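Everything below concerns the one structure shown next.
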Amino acid sequence: MSQISSELEHQPFFFKILPDMIHHQQSSVLSAYEAQPTQLKSNVDVLQSLLTEVLNVDAFNLNSFLLSFLRKIDHSLPLDDFYNILYNPMRFDDLRSLPSIDKVDKTFPSDSFTSTISIIQRVLEAFRSPESYSTHVSSGRESDMKSSNVNFHELLRSLLAIKILDHSLIEVDSSDTKVEYPPIPRLDIYKVYYILCQKLILKYPTSSNSTSLQQKLIFGQSKLGKLIKLVYPNLVSKRLGRRGESRYNYLGVRWNQDVVDKEITKLCESELFEIAEMFKVLKKTSGLAQSRSSRHQRTLEARSTKKRYSTDSLRPENLEVKAQGTFVEPHHFFPKGAFTLKAYLDEKLNENIEKNWFAATLKLSSDALLSLGVLSAEINGLIFDEGSSSDTDDHLLRGVIDTLIPKLLGSPDQPRIYLHLYMVISLNVFPHLLLLRKPLHTDSIKRLFSRVTYLIQNMETEMVSVAGEKMRQQDIRNFLGILSRMIHLNKLLAAFFKADLQAYILMEMQEDIVRILNEGLKDGPNETHRLISEACISVTLACRYKPQFRGVPVRENIREFLSESCHIMEKMVSEDLAQFVSNIMESGVPLTREDSHDALKFRFLLATLKLVDEGILNENMKSRFPAQVIRGFYSRVTIQILQFTYRAHASMLGGRTLSPANPTFRLWYVLESFIQEYLDVLAELNSLHLKTIE
Numbered sequence: 001m002s003q004i005s006s007e008l009e010h011q012p013f014f015f016k017i018l019p020d021m022i023h024h025q026q027s028s029v030l031s032a033y034e035a036q037p038t039q040l041k042s043n044v045d046v047l048q049s050l051l052t053e054v055l056n057v058d059a060f061n062l063n064s065f066l067l068s069f070l071r072k073i074d075h076s077l078p079l080d081d082f083y084n085i086l087y088n089p090m091r092f093d094d095l096r097s098l099p100s101i102d103k104v105d106k107t108f109p110s111d112s113f114t115s116t117i118s119i120i121q122r123v124l125e126a127f128r129s130p131e132s133y134s135t136h137v138s139s140g141r142e143s144d145m146k147s148s149n150v151n152f153h154e155l156l157r158s159l160l161a162i163k164i165l166d167h168s169l170i171e172v173d174s175s176d177t178k179v180e181y182p183p184i185p186r187l188d189i190y191k192v193y194y195i196l197c198q199k200l201i202l203k204y205p206t207s208s209n210s211t212s213l214q215q216k217l218i219f220g221q222s223k224l225g226k227l228i229k230l231v232y233p234n235l236v237s238k239r240l241g242r243r244g245e246s247r248y249n250y251l252g253v254r255w256n257q258d259v260v261d262k263e264i265t266k267l268c269e270s271e272l273f274e275i276a277e278m279f280k281v282l283k284k285t286s287g288l289a290q291s292r293s294s295r296h297q298r299t300l301e302a303r304s305t306k307k308r309y310s311t312d313s314l315r316p317e318n319l320e321v322k323a324q325g326t327f328v329e330p331h332h333f334f335p336k337g338a339f340t341l342k343a344y345l346d347e348k349l350n351e352n353i354e355k356n357w358f359a360a361t362l363k364l365s366s367d368a369l370l371s372l373g374v375l376s377a378e379i380n381g382l383i384f385d386e387g388s389s390s391d392t393d394d395h396l397l398r399g400v401i402d403t404l405i406p407k408l409l410g411s412p413d414q415p416r417i418y419l420h421l422y423m424v425i426s427l428n429v430f431p432h433l434l435l436l437r438k439p440l441h442t443d444s445i446k447r448l449f450s451r452v453t454y455l456i457q458n459m460e461t462e463m464v465s466v467a468g469e470k471m472r473q474q475d476i477r478n479f480l481g482i483l484s485r486m487i488h489l490n491k492l493l494a495a496f497f498k499a500d501l502q503a504y505i506l507m508e509m510q511e512d513i514v515r516i517l518n519e520g521l522k523d524g525p526n527e528t529h530r531l532i533s534e535a536c537i538s539v540t541l542a543c544r545y546k547p548q549f550r551g552v553p554v555r556e557n558i559r560e561f562l563s564e565s566c567h568i569m570e571k572m573v574s575e576d577l578a579q580f581v582s583n584i585m586e587s588g589v590p591l592t593r594e595d596s597h598d599a600l601k602f603r604f605l606l607a608t609l610k611l612v613d614e615g616i617l618n619e620n621m622k623s624r625f626p627a628q629v630i631r632g633f634y635s636r637v638t639i640q641i642l643q644f645t646y647r648a649h650a651s652m653l654g655g656r657t658l659s660p661a662n663p664t665f666r667l668w669y670v671l672e673s674f675i676q677e678y679l680d681v682l683a684e685l686n687s688l689h690l691k692t693i694e
């Protein structure tokens, strides 16, 4: 061991600025290194070589360096651990202890796992902090270090993409004639890359980024194609298939079955947009990956506190499934009675707290804040004030941190009092972003949009010093998640209003519904009933929901309960969806006038809210299922409807492109996305309210 330490003392100084490979490892690892001095020397040489190469890395040769970097370290490092080194460094030690069977990549790590991790971490640190790294190189000049110009975010996602390509495919020896491997379509390689990225994002949510921000780590097909050529420069590609339908395929490679299992290859049979929608559903409905993560987290907490749990407490039915970054609990139901934002359009109803859930909830939370000297007018001023001295993006954030929070710190009702603050801000912002409350002019909405966006981007960082026992960091994240969804709703609303809502498009939407209805009227098993039944069963199982009606568990006739639920959802499709289009088209004003066209778009919004209030959230469904199950039902059914209409148009066109011939698909897609996000916000607001009164 002394000989190894002596060798390290003669290494360049910059090599020792990062955590030392030997002296800061656990004693077990030290023993392993003492037993394997040759391996240690090899790792030392690899690390020194890589850190030397970092000096000459720039944006032009970055990808070549990253490939060389990966080829020099242990190839067996699983994708899960690799992803968490890049995007979850603070939680890496906890996440690495997951058993292989629960991971996306089933590859078993080698004995050099720890040293490989150390090398990766040090190389990343050199790129993350080039200014501190450059002060220790021999020249001492930062200008000599080209890597200071490398975008770190771009480096991370490039490194992940190259790792996935290098790890998911295996080159076949041309001399091996015993086994003939089928060609792999070029698009399938992108689909596998996309699926693996989505699986990793879902299973390991980062502490610093939301799920939507993590989507930015995924490359498009063109960029990944360039990386494929980099990783496999000698790969042979051929066009295979009939004339007019041929596609590029790669020869001489096969899938690594530890990474690309049968589930992934089966998914590759779907269209790319269908795969994207499937993962969108999984994010909304707390899929199995998240439930496993939740179970593992509970296990870690149990070990750390040395609590003993009975066998009964570890049964699957007792393990609740809750999505990351949400107030929604599995047992939270939507409120009974009127639960609609249309109340904001009726001044009388708006003030009637007995008939308006939003007004009643706002009053409850406002009164709680008022007892501590926080006035509603004060909060409204921070959100909407147009004074010249406050017309800045940080006005709302600064007001919350500098003015409101200090008044709440002395409250005996900790941390619930902060939930009341989050509720008041949310309920004041929501109707304005949906253009349901005055002022509606563009400048006011832009100002509100900018202030809320700034709050979302900076509040968590600004509140680090305040959050603790009195203010939970997770509550802050959940609150910012609500505001993020509202901002997204505003963007989707803009897409609504930019849509070309001409009469022929609305008539085509009616035809889409007629095709669905006709399918549902067929004798015996039909497509409509099938897709709804599958949605009902799959979502119920995914959420592990035990059926109940108005709070009473359903222990008998569960089949009948589910059958009735399917019929309720069929009614939503057959009647409420059809009425939705009729409500838009009902107008005595010619559509040629510009003002009437604007009125049509606003009527589109009102018809959408009516569809949610009276169709999706009808009293029967609200009595049967909690919020997260209803959201899951809707997501699954609408995706199936989109696929049905897509296939219907494709069959009418003989499989030709649908771009000009199916003008309704984009509108249906925006509509379904808007409703899904709207349901999410309603569920979050309802659950936030329930937590304020628990």
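Numbering (full-length UniProt numbering), first residue to last: 1 to 694. Where a beta carbon is used, it is the ideal one built from N, C-alpha and C, also for glycine. None of these values were measured; they are calculated from a predicted model.
Euclidean distance between Cα positions of residue i and residue j
| i | j | result |
| --- | --- | --- |
| F674 | F127 | 40 Å |
| K342 | G381 | 24 Å |
| T340 | R242 | 54 Å |
| S450 | S563 | 47 Å |
| Y193 | L160 | 10 Å |
| S574 | P109 | 53 Å |
| F333 | P182 | 50 Å |
| K322 | I482 | Bear in mind that the predicted position of K322 carries a pLDDT of just 38, short of 50, making it unreliable; the figure below should be weighed with that in mind. Near 16 Å, if we compare the C-alpha coordinates of I482 and K322. |
| G373 | K407 | 7 Å |
| D45 | A59 | 25 Å |
| I405 | A495 | 36 Å |
| I120 | I85 | 8 Å |
| E508 | V554 | 42 Å |
| F561 | L169 | 47 Å |
| L67 | V259 | 19 Å |
| K610 | N583 | 9 Å |
| R603 | I630 | 25 Å |
| G615 | R544 | 24 Å |
Beta-carbon separation (whole angstroms), residue i vs residue j, contact threshold 8 Å
| i | j | result |
| --- | --- | --- |
| V231 | D173 | Incorrect: roughly 18 Å between the Cβ atoms, too far for contact. |
| I456 | S484 | 6 Å |
| L240 | N249 | 5 Å |
| V516 | I641 | Reading off the sequence, residue 516 comes out as Ile, not Val. That pair is a contact at about 7 Å. |
| E619 | K336 | 7 Å |
| P330 | Q628 | 6 Å |
| I164 | I275 | Contact doesn't hold; Cβ gap of about 15 Å is too wide. |
| N478 | T326 | 6 Å |
| I487 | V514 | Actually they are not in contact, since the Cβ atoms of I487 and V514 sit about 36 Å apart, beyond 8 Å. |
| I379 | N428 | 7 Å |
| L217 | L156 | 7 Å |
| V150 | L95 | With a Cβ gap of about 26 Å, V150 and L95 do not count as contacting. |
| L50 | K72 | 7 Å |
| D475 | Y418 | 6 Å |
Which of helix, strand or coil DSSP assigns to residue i
| i | result |
| --- | --- |
| V236 | strand |
| P185 | strand |
| E684 | helix |
| S587 | Below a pLDDT of 50, predicted positions are generally treated as unreliable, and S587, at 47, falls in that range; the measurement from the model is reported next regardless. Coil at S587, not helix or strand. |
| I616 | helix |
| S222 | helix |
| T657 | Any reading at T657 is ruled out, since the residue's pLDDT is 47, under 50, leaving its predicted position unreliable. |
| H332 | coil |
| K106 | coil |
| A377 | helix |
| F60 | coil |
| N151 | coil |
| D80 | helix |
| T692 | helix |
| E271 | coil |
| G410 | coil |
Bridge partners - residue i, DSSP secondary structure assignment
| i | result |
| --- | --- |
| V253 | E171 |
| Y248 | R239 |
For this session: Entirely within the stretch 509–582 and at least 4 residues each: give me those alpha helix (DSSP H) ranges in chain order.
Result: 527–542, 558–571
Problem set entry | 3 or more residues per run - each beta strand (DSSP E) lying fully within the stretch 450–498 | none
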